[in-house]
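Trainee: Right, I'll just put the structure down here and ask away after.
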Amino acid sequence: MKYDFKAIEKKWQDKWEAENAFVASDDYSKPKFYSLVEFPYPSGSGMHVGHIKAYSGLEVVSRKRRMQGYNVLYPIGFDAFGLPTENYAIKTGMHPRVVTDKNIARFTEQLKKVGFSFDWTKVVDTTDENYYKWTQWIFLKMFENGLVFRDKTLVNYCPSCKVVLSNEDSQGGECDICHSAIVQKSKDVWYLRITEYADKLLDGLKEVDYLPNIKMQQENWIGRSTGAFVNFQVKGADEKLRIYTTRPDTLFGVTFMVIAPEHPLIEKYRDRLTNIDALDAYKDECAKKTEFERTQLVKDKTGVKLEGLTAINPASGKEIPIYISDYVMMGYGTGAIMAVPAHDQRDWDFAKKFGIDIVEVIKGGDISKEAYTGDGEMVNSDFLNGYTNKKDSISRMIEELQARGIGEMGVQYKMKDWAFNRQRYWGEPIPIVHCPSCGMVAVPYEELPLRLPNVENFEPGEGGESPLAKIDSFVNCSCPKCGGAAKRETDTMPQWAGSSWYFLRYIDPHNDEAFASQEKLKYWMPVDWYNGGMEHVTRHLIYSRFWYKFLYDLGLVPYAEPYAKRTAQGMILGANGVKMSKSLGNVVDPLDVVNEYGADTLRTYVLFMGDYGSAAPWSESSVKGCKRFLERVADLPSIAKGSGVTEKLESAFHKTIKKVSEDIEQLKFNTAIAAMMGLLNEIDAVGSITKDELMTFISLLCPFAPHLCEEIYEAEGGKGLLSLATWPTWDEAKTIDSTIEIAVQISGKLKGTVVIPADASREDMIAAAKQNSKIAAQLEGKTIIKEIAVPGKLVNIVAK
RNA sequence: GCGGAUGUGGCGAAAUUGGCAGACGCGCUGGAUUUAGGUUCCAGUGAGUGAUCGUGCAGGUUCAAGUCCUGUCAUCCGCACCA
Numbered sequence: 012m013k014y015d016f017k018a019i020e021k022k023w024q025d026k027w028e029a030e031n032a033f034v035a036s037d038d039y040s041k042p043k044f045y046s047l048v049e050f051p052y053p054s055g056s057g058m059h060v061g062h063i064k065a066y067s068g069l070e071v072v073s074r075k076r077r078m079q080g081y082n083v084l085y086p087i088g089f090d091a092f093g094l095p096t097e098n099y100a101i102k103t104g105m106h107p108r109v110v111t112d113k114n115i116a117r118f119t120e121q122l123k124k125v126g127f128s129f130d131w132t133k134v135v136d137t138t139d140e141n142y143y144k145w146t147q148w149i150f151l152k153m154f155e156n157g158l159v160f161r162d163k164t165l166v167n168y169c170p171s172c173k174v175v176l177s178n179e180d181s182q183g184g185e186c187d188i189c190h191s192a193i194v195q196k197s198k199d200v201w202y203l204r205i206t207e208y209a210d211k212l213l214d215g216l217k218e219v220d221y222l223p224n225i226k227m228q229q230e231n232w233i234g235r236s237t238g239a240f241v242n243f244q245v246k247g248a249d250e251k252l253r254i255y256t257t258r259p260d261t262l263f264g265v266t267f268m269v270i271a272p273e274h275p276l277i278e279k280y281r282d283r284l285t286n287i288d289a290l291d292a293y294k295d296e297c298a299k300k301t302e303f304e305r306t307q308l309v310k311d312k313t314g315v316k317l318e319g320l321t322a323i324n325p326a327s328g329k330e331i332p333i334y335i336s337d338y339v340m341m342g343y344g345t346g347a348i349m350a351v352p353a354h355d356q357r358d359w360d361f362a363k364k365f366g367i368d369i370v371e372v373i374k375g376g377d378i379s380k381e382a383y384t385g386d387g388e389m390v391n392s393d394f395l396n397g398y399t400n401k402k403d404s405i406s407r408m409i410e411e412l413q414a415r416g417i418g419e420m421g422v423q424y425k426m427k428d429w430a431f432n433r434q435r436y437w438g439e440p441i442p443i444v445h446c447p448s449c450g451m452v453a454v455p456y457e458e459l460p461l462r463l464p465n466v467e468n469f470e471p472g473e474g475g476e477s478p479l480a481k482i483d484s485f486v487n488c489s490c491p492k493c494g495g496a497a498k499r500e501t502d503t504m505p506q507w508a509g510s511s512w513y514f515l516r517y518i519d520p521h522n523d524e525a526f527a528s529q530e531k532l533k534y535w536m537p538v539d540w541y542n543g544g545m546e547h548v549t550r551h552l553i554y555s556r557f558w559y560k561f562l563y564d565l566g567l568v569p570y571a572e573p574y575a576k577r578t579a580q581g582m583i584l585g586a587n588g589v590k591m592s593k594s595l596g597n598v599v600d601p602l603d604v605v606n607e608y609g610a611d612t613l614r615t616y617v618l619f620m621g622d623y624g625s626a627a628p629w630s631e632s633s634v635k636g637c638k639r640f641l642e643r644v645a646d647l648p649s650i651a652k653g654s655g656v657t658e659k660l661e662s663a664f665h666k667t668i669k670k671v672s673e674d675i676e677q678l679k680f681n682t683a684i685a686a687m688m689g690l691l692n693e694i695d696a697v698g699s700i701t702k703d704e705l706m707t708f709i710s711l712l713c714p715f716a717p718h719l720c721e722e723i724y725e726a727e728g729g730k731g732l733l734s735l736a737t738w739p740t741w742d743e744a745k746t747i748d749s750t751i752e753i754a755v756q757i758s759g760k761l762k763g764t765v766v767i768p769a770d771a772s773r774e775d776m777i778a779a780a781k782q783n784s785k786i787a788a789q790l791e792g793k794t795i796i797k798e799i800a801v802p803g804k805l806v807n808i809v810a811k
């Protein structure tokens, strides 16, 4: 058969669409399979080969499931709010709506050209008002339930994008979008109280099937630690200085305290501090630094002692000094620490520099050289002396603290509340009204969606004000509560909002009454398999689990966790082994590959190039190799005239069916394809196959190269669509060969092989090995010490 | 610094419970077809003339180690003064 991939691919893509081949049905009697991939941000530069790899994995699984009789939901959509579109719109003068529509149309066309079996009737667009209506609706539910609050704090601000960023978006001290340096700025910020769900997010990980490193990253991100809060009496004042520690048992070793430069104690006791000028100066210096500089740079400890205020160590009763230093953060714990220089390296460094006492309370190290952080016997600690187990000494101390009313057990998280607003136009408007008499008032549900006003000018205001603030007709409104004149909130939601619940909307995308019907949610949830990039496992994946768990607590979704299983694909690197980038000129456009080699080749190659979860460089010649494979498959019908089944090929078929079926389930597409290539080599060596065997072959290959396989199937008289035909099954008995070749070793070294019946006993195996002339010759004159036979594998004769 | 992962031919990579290292593909070499290039097909392809040696390096356990243990080096990723 001539492999005219262009004609074939167009033909079958049209046919699948015309016949609604991949539309998930509402037939609840069938077993369901919901496979989810991260929907793309429709950027102006079009699709990247990375998208193809990301979607090809579950594409193969989904296609296999359909052939196995499942009702499959494999949806796609567009996460289209966000800065790149807005920046592009500002640059070109086009409206973001127009830009977005154009980009979505382009992505859609590209995705269809690759032949993905998405259910195109359920496309979701986060910027569609019928979608963001429900994003706002969920936000209001959170507002109603006390999970939304506003606070004035120092925030990460990107001077270039003129936007406030979450900690997650400003990692490493630079803006996630434009990579400019982040500065700290005081702002009114909307927060979602995600910390309230910290324990639930952590505990929920126990019941889901995520890759171990994904779980670990989430655990690190949430960063739960247990310890104790202890209140230190400030001397001569009716004031307690509260600290958090994970090692309350080292309390007897506390020789000073450190508070963050922004700690309120300073303001409160300004009058009593005799060196307030020095303290203010230090504080100013710190304020100038970004959090990045404060935390990232390895440097000497700095700080200033509070003159005029001291604290009392509640264990030893001794008076101890208090310092301010930037190594203590206001944002973690209570912004104050008890310093135990003998057993904490940071405290040790600080104590050495400022000449503070170092008191050993755990034996085992040399505290004159460095802090000792290991375990050991407690000393200098009164009632704790003699304890050697960390757990016991900690719980004993907590008992004591509670008995004396100066402290209690406590839990802290690294995760902070989620800064949930941006001063930008292209996002979901936050549906809140500020009323001079009623305060913050929710926009009534029946008024949703609160639409983005259609305006010409959407450039950000000076000083980081939202573009919406300039639109009087949007801002001025009446209070939903009292009817008086009020002003709308002008900030919009961050880009992560829309993606936090999109997988629920796919289930019922055109519903006007609810974000999705309960009946459908019950059938389709949870997502059976979610695949995406490693870069999203701490942000999007945590945010969306949070939203989902919130909805679960309201009884609006049926299961406690949204995703039963989560995997991740590896990146595709440029041919030179580094990340693809425009500036390096190593970007591969998937459409070029489709045009030159065909979609089937592209799909096969991205899955064949290596382990699905690992990064791998692009190789054009390997693409050609995959094309060659498909061309040879296209020629298979010419030798499918065989009438008799050969035993050898039959066994090879059963082995391949098994291998491909099992490998797909483990995302081992590279070895699945290799197995089919190997089978093809065997077929060519034999020179003929039966028509049934041909049909089996193209059924196995169909999820990878569906256009070509459909074409062959039709040409051979197959009924209906191959994509909806039956997945082949294997007979375990036929995967086992009757005779096998085993290795023969002498003293662990390979010396030859013998062919024996597969069910030979150990004795027969050894006998057969000894009969082999080469082996016999080598054993000549040697004493046999030991004989080992492993059925199906080898014989090892230990001889001297 | 802490946590995690990885290290196998010229290249991408395979390799149940320890059991013939290098499947499959690329590349390369030789041959056939072709006016030629390309394509396609056939044969070969870890190193070494050889006995043998070979999975980052050094040890160890074992009849047997890519796989298990100890140490070490390198690379990548995540977190990062988290009290």
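Letter by letter, the first sequence follows residues 12 to 811 in the numbering used here. Here a beta-carbon is modelled for each residue, glycine too, at the ideal position from N, C-alpha and C.
1) Residue range of the beta strand (DSSP E) that PHE240 falls in?
2) Ends of the alpha helix (DSSP H) at HIS62?
3) Between the Cα of ASP360 and those of SER336, PRO714, VAL134 and LYS374, spot the shortest distance and give me the residue it belongs to.
4) Relative to the ligand ADP, is the shortest distance from any of its heavy atoms to the C-beta of THR137 smaller than 6 angstroms?
5) Near GLY61, what residues of its chain come up, given a Cβ to Cβ distance below 6 angstroms and the 5 sequence neighbours on each side ignored?
6) Just to confirm, are GLU709 and ALA651 a CB contact at a threshold of 7 angstroms?
7) Let me check one thing: in DSSP terms, what residues is HIS445 bridge-paired to?
8) If you scan the segment 627-651 from start to end, which runs of the alpha helix (DSSP H) of 4 or more residues do you find wholly inside it?
9) On the criterion of 16 or more Cβ atoms from any shown chain inside 10 Å, does MET227 qualify as buried, or is it exposed?
10) Look up LEU459 in the DSSP assignment and say whether it is helix, strand or coil.
11) Assuming THR578 is part of the alpha helix (DSSP H), what are its boundary residues?
12) Output the distance between the C-alpha atoms of PRO291 and VAL598, rounded to the nearest integer angstrom.
13) Using the rule of at least 16 other Cβ atoms within 10 Å of the residue's Cβ for burial, across every protein chain shown, is ILE841 buried or exposed?
14) For the beta strand (DSSP E) containing THR750, list its first residue and its last residue.
15) Keeping to the same chain, check which residues put their C-beta closer than 7 angstroms to that of TYR293; ignore five residues upstream and five downstream.
16) Assuming ALA480 contacts CYS488 (C-beta within less than 8 angstroms), just tell me the rounded distance between them.
17) Going by the beta-carbon positions, is the gap between SER404 and GLN434 smaller than 7 angstroms?
18) Going by the beta-carbon positions, is the gap between ILE777 and ALA754 smaller than 7 angstroms?
19) Just mark TYR456 as buried or exposed, buried being the case when its beta carbon has 16 or more other beta carbons within 10 Å.
20) Between TRP535 and LEU84, which are expected to be in contact by the criterion C-beta below 8 angstroms, what is the C-beta distance as a whole number of angstroms?
21) Buried or exposed, going by whether 16 or more other CB atoms sit within 10 Å of the CB of ASP611?
22) Do you know offhand how far PHE154's Cα is from SER197's?
23) Take ALA382 and list the residues in its own chain whose beta-carbon comes closer than 6 angstroms to its own, dropping the five residues that flank it on each side.
24) Classify TYR2 as buried or exposed, calling it buried when 16 or more other Cβ atoms lie within 10 Å of its own Cβ.
25) Kindly list the residues whose CB is nearer than 8 angstroms to the CB of VAL671, restricted to its own chain and excluding five residues on each side of it in sequence; keep chain order.
26) I believe PRO223 touches PHE118 by the beta-carbon criterion, under 8 angstroms. Please report the beta-carbon distance rounded to the nearest angstrom.
27) What does DSSP give as the partner residues of TYR221 in its beta bridges?
28) What is the DSSP secondary structure of VAL548, counted as helix, strand or coil?
29) To the nearest angstrom, how far is the alpha carbon of VAL806 from that of GLU791?
30) Out of SER54, ALA65, ARG76 and LYS793, which has the shortest C-alpha to C-alpha gap to SER734?
31) Give the straight-line distance between the Cα atoms of GLY729 and GLU572, rounded to the nearest whole angstrom.
32) Give me, in chain order, the residues of the same chain whose beta-carbon lies closer than 6 angstroms to that of LEU308; leave out the 5 immediate sequence neighbours on both sides.
33) Which of the three DSSP states is assigned to LYS160 in this structure?
34) Provide the residue span of the beta strand (DSSP E) that contains THR256, from first to last.
35) Whose C-beta lies closer than 6 angstroms to the C-beta of TYR563 among residues of the same chain, with five residues either side of it excluded?
Mentor: This is what the structure gives:
1) Note, PHE240: beta strand (DSSP E), 236-245.
2) Where HIS62 is concerned, the enclosing alpha helix (DSSP H) starts and stops at 60-78.
3) Nearest option by C-alpha distance: SER336.
4) Summarising the ligand content, the structure contains no ligands, and the ligand ADP is consequently not present.
5) Around GLY61: ILE583.
6) It is worth fixing the name first, because residue 709 is Ile in this sequence and not Glu. With respect to the 7 angstroms criterion, ILE709 and ALA651 are not classified as neighbours on the basis of their beta carbons.
7) MET451 and LYS498, per the DSSP bridge assignment.
8) As far as the segment 627-651 is concerned, its whole alpha helix (DSSP H) runs of at least 4 residues are 631-645.
9) MET227 should be labelled exposed.
10) It is coil, neither helix nor strand.
11) Per DSSP, THR578 belongs to no alpha helix (DSSP H); it is in the beta strand (DSSP E), 576-580.
12) Here residue 291 turns out to be Asp, not Pro, going by the sequence shown. As the crow flies, the alpha-carbon of ASP291 is around 52 angstroms from that of VAL598.
13) It is not possible to answer for residue 841, since the shown part of the chain is limited to 12 through 811.
14) Per DSSP, THR750 is one residue of the beta strand (DSSP E) stretching across 750-757.
15) Correct list, in chain order: PRO272, VAL315 and ILE335.
16) 13 angstroms between Cβ atoms; not a contact.
17) Contact flag unset, no.
18) It is not a contact, given that the beta carbons lie outside the stated cut-off.
19) Exposed, by the Cβ-count rule.
20) About 6 angstroms separates the two Cβ atoms, so the contact holds.
21) ASP611 is buried by the Cβ-count criterion.
22) For the pair PHE154 and SER197, the Cα-to-Cα distance works out to about 23 angstroms.
23) Within the same chain, ALA382 has close Cβ partners HIS354, ASP355, GLN356 and TRP359.
24) Summary: the structure shown does not reach residue 2, with the chain confined to residues 12 through 811, and so no result is reported for it.
25) The beta carbon of VAL671 lies closer than 8 angstroms to those of ALA683, ALA686, MET687 and LEU711 in the same chain, with the five residues before and after it left out.
26) Contact flag wrong, Cβ pair sits at about 33 angstroms.
27) Per DSSP, ARG577.
28) In the three-state reduction of the DSSP assignment, VAL548 falls in the coil class.
29) Roughly 17 angstroms separates the two Cα atoms.
30) Cα-wise, what sits closest to SER734 is ARG76.
31) Distance between the alpha carbons of GLY729 and GLU572: 42 angstroms.
32) For LEU308, the predicted model reports a pLDDT of 48, less than 50, meaning its position is unreliable; a value from the coordinates is still stated below. Residues of the same chain with a CB within less than 6 angstroms of the CB of LEU308, apart from the 5 flanking positions on each side, do not exist.
33) For clarity, residue 160 is Phe in the given sequence; the question names Lys instead. PHE160: strand per DSSP, three-state reduction.
34) That run of the beta strand (DSSP E) goes 251-256.
35) For TYR563, the CB contacts under 6 angstroms within the same chain, skipping 5 residues up- and downstream, are ALA571 in chain order.
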